[in-house]
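Chemist: One structure is given below, represented as C-alpha cells, and several questions about it will come after.
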Amino acid sequence: MAALRRRNPPVPGAPDEFALIAELFAPLSASYPGALSLTDDAALMDVPSGRQLVLTMDSMVAGVHFFADDPPDLIARKLIRVNLSDLAAKGAQPFAIMLSAAFPHATDGVWLRRFAQGLAEDCRTFAIALIGGDTVATPGPLTLTLTAFGQVPQGRALLRSGAVAGDQIWLSGSLGDSALGLVARQGGLPHLSTSCRDHLIARYLLPEPRVTIGPGLIGLAHAGMDVSDGLIQDVGHMARQSGLAAEIRVDLLPLSPPAQTTLAADNSCLATILGGGDDYEVLFTAPQSEAGAIQRLAAHTGIALTVIGTMGAGQGVRVVDRDGNAVAVAHKGWRHFTDAGEEQWSG
Numbered sequence: 001m002a003a004l005r006r007r008n009p010p011v012p013g014a015p016d017e018f019a020l021i022a023e024l025f026a027p028l029s030a031s032y033p034g035a036l037s038l039t040d041d042a043a044l045m046d047v048p049s050g051r052q053l054v055l056t057m058d059s060m061v062a063g064v065h066f067f068a069d070d071p072p073d074l075i076a077r078k079l080i081r082v083n084l085s086d087l088a089a090k091g092a093q094p095f096a097i098m099l100s101a102a103f104p105h106a107t108d109g110v111w112l113r114r115f116a117q118g119l120a121e122d123c124r125t126f127a128i129a130l131i132g133g134d135t136v137a138t139p140g141p142l143t144l145t146l147t148a149f150g151q152v153p154q155g156r157a158l159l160r161s162g163a164v165a166g167d168q169i170w171l172s173g174s175l176g177d178s179a180l181g182l183v184a185r186q187g188g189l190p191h192l193s194t195s196c197r198d199h200l201i202a203r204y205l206l207p208e209p210r211v212t213i214g215p216g217l218i219g220l221a222h223a224g225m226d227v228s229d230g231l232i233q234d235v236g237h238m239a240r241q242s243g244l245a246a247e248i249r250v251d252l253l254p255l256s257p258p259a260q261t262t263l264a265a266d267n268s269c270l271a272t273i274l275g276g277g278d279d280y281e282v283l284f285t286a287p288q289s290e291a292g293a294i295q296r297l298a299a300h301t302g303i304a305l306t307v308i309g310t311m312g313a314g315q316g317v318r319v320v321d322r323d324g325n326a327v328a329v330a331h332k333g334w335r336h337f338t339d340a341g342e343e344q345w346s347g
C-alpha cells in the first residue's frame, strides 16, 4: 500500500513524518491485514465471491468545504462521512478508506493529533480501517481527499440511472439543516434561538451518513444517490440519467423543527433548503408497492424515510405545492466551476 508520506522537503520544527504515521495513522489500519500496517507501497484487497466493490472519492478544501478554524477532529469526521454517504446511497457496506492530505507548512503536532483522533473515532463508529494514502506539505490551503471502499451484492448497486416511471421519490432524514447551519455559522439567521442555531450548525459540521439505510434498500429501490449539491440539482441528475422527469412536492419535504422555524420566519430560506446542499441524505426511487417495506426499514433503523415526489415520463424537474401549482426555485444547487444549469428545470 502507499505509505502515508511527506513528499516536500522537511519544514524546520515540523513533526517527524514517519513517527506521526506510526503513532497516529498506523493504528487505524490494525483491523485490516491487507493494509500491511502502512509499511509498504500498496494495500492488498480480497473481494468475496458474489460481491462487488463500490469506490468513491471526495475532496474537501479549507475555505470551500469547511472553515479553516473548524475543529480538526470534526474536519476529519466530516471527510469520512461525506464519502460514506456516497456508499450508503449505492446500498454498499463500507469497510476501508484511503487518505491523501496536503497539510499547510504551519500545521503542528497538536492539530494533527486532534485530526487523527477524529479519524479514529469514526473508524470505530463505522467499523472501517485506514489502509493507505499519502501526505504532502503545502503552502496552503489545507486540502484533504479520501477514497472509501464498500461492498454490495454483485450487480445490485443502486445507480442514478435505475429510476422507473411511476416510482415514488424518497428522502431519508431531514432536508436543509446543513445549508441553514452554514448561513448561521456565517452570522446569518439572527432570529434563531441558541438551541436552533446550535442544531443547524452541528448538522453542517458533522453530517450523518445513512449507512444503515443503504444496504436495506437493496431489492426495494430502483435508483439511489445522496444529496450533496442540493436536492433539486441532485434529483435532476437522477431524472436525466434515468431518462425521466421528476416532480417534487415542497409540502412533503421533511424538515427538522429548527428548519421549520427558520422557514416560517423567512420564506426566502426555501431556496437555501432546496438548493443549499451538504445534506448527505439518501435520495432514492422505488415502486409504490414497496412503500410498506420501506417504512418497516425506517422503523427498524430509526431513520425517517419520506416520499417527496414522483418520477414520470418527460424530462427535467418540476417543483410544485400541494395543489400542483409550480413553485419557482431560485437556486437549484451547488456547482464548483459554473452556475449554468446542466439539467432542464421547470417551475
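Each residue of the sequence shown is one higher than the last, beginning at 1 in the numbering used here. For each residue, glycine too, the CB sits at the ideal point set by N, CA and C. Bear in mind that the values here come from a model prediction, so they are computed numbers and not experimental data.
Quick check: residue 91 and residue 152, are their CB atoms within less than 8 Å of each other?
Modeler: Within the sequence shown, residue 91 is the residue found at index 91, counting from 1. Within the sequence shown, residue 152 is the residue found at index 152, counting from 1. Cβ atoms of residue 91 and residue 152: closer than 8 Å.
Chemist: On the CB-based measure, 16 or more other CB atoms within 10 Å of its CB, does residue 326 come out buried or exposed?
Modeler: Locating residue 326 in the sequence shown gives position 326, where the first residue counts as 1. Residue 326 should be labelled exposed.
Chemist: Bridge partners for residue 197 per DSSP, in chain order?
Modeler: Translated into the one-based positions of the sequence shown, residue 197 becomes position 197. Per DSSP, none; premise fails for residue 197.
Chemist: Let me know the secondary structure DSSP gives residue 208 once reduced to three states.
Modeler: The residue you call residue 208 lines up with position 208 of the sequence shown. In the structure shown, residue 208 sits in coil (DSSP, three-state: anything other than H, G, I, E or B).
Chemist: Please state whether DSSP places residue 100 in a helix, a strand or coil.
Modeler: Residue numbering aside, residue 100 sits at position 100 when the sequence shown is read from its first letter. If DSSP states are grouped into helix, strand and coil, residue 100 belongs with the strands.
Chemist: Beta strand (DSSP E) containing residue 348: first to last residue?
Modeler: Outside the displayed span of the chain (1 to 347) sits residue 348, for which this structure offers no information.
Chemist: State the start and end residues of the unbroken beta strand (DSSP E) segment that holds residue 305.
Modeler: As a first step, residue 305 is located in the sequence shown; it is residue number 305 there, counting from the start. First-last of the beta strand (DSSP E) with residue 305: 305 to 312.
Chemist: Got a sec, what are the start and stop residues for the beta strand (DSSP E) residue 152 sits in?
Modeler: In the sequence shown, residue 152 corresponds to position 152, counting from 1. Per DSSP, residue 152 belongs to the beta strand (DSSP E) from 143 to 153.
Chemist: Would you mind stating whether residue 165 and residue 312 have Cβ atoms separated by less than 8 Å?
Modeler: Position 165 of the sequence shown, counting from 1, holds the residue named residue 165. Position 312 of the sequence shown, counting from 1, holds the residue named residue 312. Against a cut-off of 8 Å, the Cβ pair of residue 312 and residue 165 comes out as a contact.
Chemist: Give a yes or no on whether the C-beta atoms belonging to residue 189 and residue 62 are separated by under 8 Å.
Modeler: Here residue 189 refers to the residue found at position 189 when the sequence shown is read from its first residue. Here residue 62 refers to the residue found at position 62 when the sequence shown is read from its first residue. It is not a contact, given that the beta carbons lie outside the stated cut-off.
Chemist: Compute the beta-carbon to beta-carbon distance between residue 35 and residue 43, rounded to the nearest angstrom, for a pair I have assumed lies under 8 Å.
Modeler: If you number the sequence shown from 1, residue 35 lands on position 35. If you number the sequence shown from 1, residue 43 lands on position 43. Right, their Cβ atoms sit about 5 Å apart.
Chemist: Going by the CB atoms, is the gap between residue 147 and residue 212 shorter than 8 Å?
Modeler: Working through the sequence shown from its first residue, we reach residue 212 at position 212. Working through the sequence shown from its first residue, we reach residue 147 at position 147. No, these two residues do not count as a Cβ contact at 8 Å.
Chemist: Between the Cα of residue 55 and the Cα atoms of 163, 208, 84, which residue gives the shortest distance?
Modeler: One-based indexing of the sequence shown puts residue 55 at position 55. Here the closest residue by C-alpha is 84.
Chemist: In whole angstroms, what is the alpha-carbon distance linking residue 271 and residue 233?
Modeler: Residue 271 sits at position 271 when you count from the first residue of the sequence shown. Residue 233 sits at position 233 when you count from the first residue of the sequence shown. Near 12 Å, if we compare the C-alpha coordinates of residue 233 and residue 271.
Chemist: Does DSSP put residue 115 in a helix, in a strand, or in coil?
Modeler: Working through the sequence shown from its first residue, we reach residue 115 at position 115. Three-state DSSP puts residue 115 in a helix.
Chemist: Taking 8 Å as the threshold (C-beta atoms), are residue 75 and residue 66 in contact?
Modeler: Against the sequence shown, residue 66 aligns to sequence position 66. Against the sequence shown, residue 75 aligns to sequence position 75. Yes.
Chemist: Hey, quick one: how far does the beta strand (DSSP E) through residue 315 stretch, first residue to last?
Modeler: Sequence index remark: in the sequence shown, residue 315 carries index 315 (1-based). No beta strand (DSSP E) holds residue 315; DSSP gives it neither H nor E.
Chemist: Let me check one thing: in DSSP terms, what residues is residue 247 bridge-paired to?
Modeler: Taking the first residue of the sequence shown as position 1, residue 247 is located at position 247. DSSP lists 310, 318 as partners of residue 247.
Chemist: Report the residue from 283, 136, 305 whose alpha carbon sits nearest the alpha carbon of residue 293.
Modeler: The sequence position of residue 293 within the sequence shown is 293, counting from 1. With distances taken between Cα atoms, residue 293 lies closest to 305.
Chemist: Assess, as a yes-or-no matter, whether the stretch 172 to 186 is touched by the stretch 272 to 286 under the definition of 3 or more beta carbon pairs within less than 8 Å.
Modeler: They touch, by the three-pair rule.
Chemist: Taking the C-alpha atoms as reference points, what is the distance between residue 122 and residue 128?
Modeler: Here residue 122 corresponds to residue number 122 of the sequence shown, with the count starting at 1. Here residue 128 corresponds to residue number 128 of the sequence shown, with the count starting at 1. Answer to the nearest angstrom: the Cα atoms are 8 Å apart.
Chemist: What is the rounded straight-line gap between the Cα of residue 149 and the Cα of residue 132?
Modeler: Taking the sequence shown and counting its residues from 1, one reaches residue 149 at position 149. Taking the sequence shown and counting its residues from 1, one reaches residue 132 at position 132. Those two C-alpha atoms are separated by around 12 Å.
Chemist: So, with DSSP's three-state summary, where would you put residue 225?
Modeler: Here residue 225 is taken as the residue at index 225 of the sequence shown, counted from 1. Residue 225: strand per DSSP, three-state reduction.
Chemist: Evaluate residue 154 with the Cβ neighbour count: other Cβ atoms within 10 Å of its Cβ, from every protein chain shown; 16 or more gives buried, anything less gives exposed.
Modeler: Translated into positions along the sequence shown, residue 154 becomes position 154. Answer is exposed; the Cβ neighbour count stays below 16.
Chemist: Name the DSSP beta bridge partners of residue 51, please?
Modeler: Residue numbering aside, residue 51 sits at position 51 when the sequence shown is read from its first letter. The partner list for residue 51 (beta bridge, DSSP) reads 153.
Chemist: Can you list, in chain order, the residues of its chain with a C-beta nearer than 6 Å to that of residue 59? Leave out the 5 residues immediately preceding and following it.
Modeler: By 1-based counting over the sequence shown, the position of residue 59 is 59. Once the five neighbours on either side are set aside, the close Cβ partners of residue 59 are 145.
Chemist: Roughly how many angstroms separate the alpha carbons of residue 267 and residue 107, rounded to a whole number?
Modeler: Walking along the sequence shown from the start, residue 267 turns up at place 267. Walking along the sequence shown from the start, residue 107 turns up at place 107. When rounded, the distance between both Cα atoms is 42 Å.
Chemist: For residue 101, collect the residues of the same chain with a Cβ closer than 6 Å to its Cβ; drop the 5 residues on either side in sequence, then sort them by chain order.
Modeler: Taking the sequence shown and counting its residues from 1, the one referred to as residue 101 is at position 101. Taken in chain order, the residues that qualify are 135, 144.
Chemist: On the three-state DSSP scale, how would you describe residue 177?
Modeler: For this step, residue 177 is matched to residue 177 along the sequence shown. Residue 177 falls in the helix class under three-state DSSP.
Chemist: Could you tell me whether the Cβ atoms of residue 364 and residue 249 are closer together than 8 Å?
Modeler: Here the chain comprises residues numbered 1 to 347, so residue 364 is not present and cannot be evaluated.
Chemist: Am I right that residue 229 and residue 89 are in contact with their C-beta atoms under 8 Å? What's the rounded C-beta distance?
Modeler: Looking up residue 229 in the sequence shown gives position 229. Looking up residue 89 in the sequence shown gives position 89. In fact, because the Cβ distance is near 13 Å, the residues do not count as touching under 8 Å.
Chemist: Could you check the C-alpha separation between residue 214 and residue 94 for me, to the nearest Å?
Modeler: As a working mapping, residue 214 is identified with position 214 in the sequence shown. As a working mapping, residue 94 is identified with position 94 in the sequence shown. Near 11 Å, if we compare the C-alpha coordinates of residue 94 and residue 214.
Chemist: Applying the 10 Å Cβ sphere with the 16-neighbour rule, what's the burial state of residue 330?
Modeler: One-based indexing of the sequence shown puts residue 330 at position 330. Per the 10 Å Cβ criterion, exposed.
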